[in-house]
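Participant: Next up is a structure, given as structure tokens.
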Amino acid sequence: VRKAHAVQPVTALQNEYSLWWRAPETNGILDACEELGIGFVPYSPLGRGLLTADFEVLPEGDFRKVMPRFSAENLDTNRGLVARFAAIAASKGCTPGQLALASAPAAHQFAGRARQQPGEHGPSVRALVEEHACGDLTGG
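For the sequence shown, this note's numbering puts the final residue at 148, and the numbers step up evenly by one.
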């Protein structure tokens, strides 16, 4: 990021970032963005759909099947974790997706710099409704 920014100023960087995937905190991406004034746009704030607790079986050909969090040996454990997360969401009167968006780390660290992008491929109507409702959880 620093090399690219030295050649051509970077305005924003998009990277996977959610309660499930926190690598930008440890790999220097967030530090570089903060230092250089680069907006950070979290990709997949719903953990590639896992934090919605809204699927049973991944469809044939779904690219997520090659990701460790969705592998057969990990998925049952992860579903248990997501079920606990869903129970917390229910106790707060919201969906797991709403709680994930309201709790997304970048929502707090980079508020006002770059808008969070709900959903896997851009906002769906359902994602926009959930994103709007999550403001009630954060006071925003």
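Beta carbons are placed, not taken as given, at the ideal position from N, Cα and C, and that holds for glycine.
If you're wondering where the values come from, they're calculated on a predicted model, not measured in any experiment.
#1: Give me the DSSP bridge partner(s) of residue 25.
#2: For the region 40 to 105, list the beta strand (DSSP E) runs that are entirely contained and at least 3 residues long, ordered along the chain.
#3: Leaving out five residues on either side along the sequence, give the residues of the same chain with a beta carbon under 8 Å from the beta carbon of residue 44.
#4: What first and last residue would you give for the alpha helix (DSSP H) that runs through residue 32?
#5: With a 10 Å radius around its C-beta and 16 neighbouring C-beta atoms as the bar for buried, classify residue 116 as buried or exposed.
#6: Which of helix, strand or coil does DSSP assign to residue 110?
#7: Evaluate residue 46 with the Cβ neighbour count: other Cβ atoms within 10 Å of its Cβ, from every protein chain shown; 16 or more gives buried, anything less gives exposed.
#8: Could you tell me the alpha carbon to alpha carbon distance between residue 111 and residue 68, rounded to whole angstroms?
Facilitator: So, from the data block:
#1: Answer by DSSP bridge pairing: none, since residue 25 is not bridged.
#2: 47 to 51
#3: 9, 10, 13 and 18
#4: 31 to 34
#5: Residue confidence is low: residue 116 scores 43 on pLDDT, short of 50, so the model does not pin down where it sits. Its coordinate-derived value is still stated next. Exposed, by the Cβ-count rule.
#6: helix
#7: buried
#8: 31 Å
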